[in-house]
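Report on the following structure.
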Amino acid sequence: RKEVEQDPGPFNVPEGATVAFNCTYSNSASQSFFWYRQDCRKEPKLLMSVYSSGNEDGRFTAQLNRASQYISLLIRDSKLSDSATYLCVVKGSKETSYDKVIFGPGTSLSVIP
Amino acid sequence: DGGITQSPKYLFRKEGQNVTLSCEQNLNHDAMYWYRQDPGQGLRLIYYSQIVNDFQKGDIAEGYSVSREKKESFPLTVTSAQKNPTAFYLCASSASGHLYEKLFFGSGTQLSVL
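Chains as they are written, first to last, in our numbering: chain B, 1 to 113; chain S, 1001 to 1114.
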């Protein structure tokens, strides 16, 4: 089983739609979680960190369920500029290394006019 | 300006040749990383280093080697043992030991086999 798995995608949605991305991780001792966004052939950029209580940043909401080892990202009112690949990222554990950072395979989103 | 610099942007390798990708950061970060990305796929961890003179294998270390002689530098060598080296390589750094410290990325190196 891969350490981090995501919805295979691609997701094609109309402007204004709400879209949800799902991610699961295998190491129950993982310490911290993130969503990154990557545009084609560019370096990934941090979208948001994911905290235990859940957190929101404008149109973006991230949730963490440690018991189910599951992370989600919700995008409301999709914009054309949201088209990108969304990467779920899990950061190490005391057992492996606090600094080991693992990326999921990514889910591609295309927002259509 | 602080940042992380990768060079070259494009690199071509002949059969049986070793090539080295450069990664330099002036962010005073302890942790540095090398990832490989194949078309349509996510990033896979090759090696990472938490401190000078120490590094750990990631998930796909075979055919690669690294060194960490200076805090600001973490070069990656793609050896002849790596039979399928064509990919986009990304270097990153972060402050070590911080749970929610983000990764800073270089702009990547596209490696192709002639």
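Beta carbons: idealized from backbone N, C-alpha and C, even for Gly.
From a predicted model like this one, the values you see are computed outputs, not experimental measurements.
Skipping 5 residues on each side, what residues in its chain have a beta carbon closer than 7 angstroms to that of residue i?
i       : result
L113/B  : This sequence places Pro at residue 113/B; Leu is not what is there. Contacts found: E15, L80.
P105/B  : Q6
K45/B   : Y36, R37
Q1037/S : L1043, A1087, F1088, L1090
P1085/S : R1013, V1078, L1111, V1113
D1054/S : R1068
R1/B    : S26
Under a CB-based cut-off of 8 angstroms, is residue i close to chain S?
i      : result
F103/B : yes
Q31/B  : yes
G9/B   : no
L114/B : Residue 114/B lies beyond the stretch modelled for chain B, which goes from 1 to 113, so this question has no answer here.
R41/B  : yes
G106/B : yes
L87/B  : yes
Among the residues of its own chain, which have a CB less than 8 angstroms from the CB of residue i, if the five just before and after it don't count?
i       : result
E117/B  : Summary: the structure shown does not reach residue 117/B, with chain B confined to residues 1 through 113, and so no result is reported for it.
L1114/S : F1012, R1013, K1014, E1015
Assign residue i to one of two classes, buried (16 or more other C-beta atoms within 10 Å of its C-beta) or exposed (fewer than that).
i       : result
K1057/S : exposed
R66/B   : exposed
G92/B   : buried
Y1047/S : buried
A148/B  : Shown here, chain B extends from 1 to 113; a query on residue 148/B therefore has no answer.
S59/B   : Reading the sequence as shown, one finds Arg at residue 59/B and not Ser. By the 10 Å Cβ count, R59/B comes out exposed.
T107/B  : buried
T85/B   : buried
Within the same chain, show all residues whose beta-carbon is closer than 6 angstroms to that of residue i, passing over the 5 residues directly before and after it, in chain order.
i       : result
G1162/S : No information on residue 1162/S is available, as it lies outside the stretch 1001 to 1114 that chain S covers here.
S1096/S : D1030, A1031, Q1050
L74/B   : A20, T61
Against chain B, does residue i count as a neighbour if the rule is that its beta carbon must be under 8 angstroms from one of theirs?
i       : result
L1090/S : yes
Q1050/S : yes
L1111/S : no
K1014/S : no
K1071/S : no
Y1100/S : yes
A1061/S : no
Y1064/S : no
L1027/S : no
Y1033/S : yes
Q1041/S : yes
F1105/S : yes
Name the two residues that bound the continuous beta strand (DSSP E) containing residue i.
i       : result
D57/B   : 55-57
C88/B   : 84-91
A1092/S : 1087-1094
Q38/B   : 32-38
E1101/S : Taken as a continuous stretch (DSSP letters only), E1101/S belongs to no beta strand (DSSP E), as it is neither H nor E.
D1054/S : 1054-1057
T1005/S : 1004-1007
E5/B    : 4-6
Q1050/S : 1043-1051
N65/B   : 60-65
L109/B  : 107-112
Is the stretch 54-66 of chain B close to the stretch 1010-1030 of chain S, with three or more CB pairs under 8 angstroms?
These segments do not touch.
When the Cβ atoms of the stretch 1025-1041 of chain S are set against those of the stretch 1073-1090 of chain S, are three or more pairs found closer than 8 angstroms?
Contact holds: three or more Cβ-Cβ distances are below 8 angstroms.
Three Cβ pairs or more, each shorter than 8 angstroms: is that satisfied between the stretch 1096-1114 of chain S and the stretch 34-47 of chain B?
Result yes; three or more Cβ-Cβ pairs closer than 8 angstroms.
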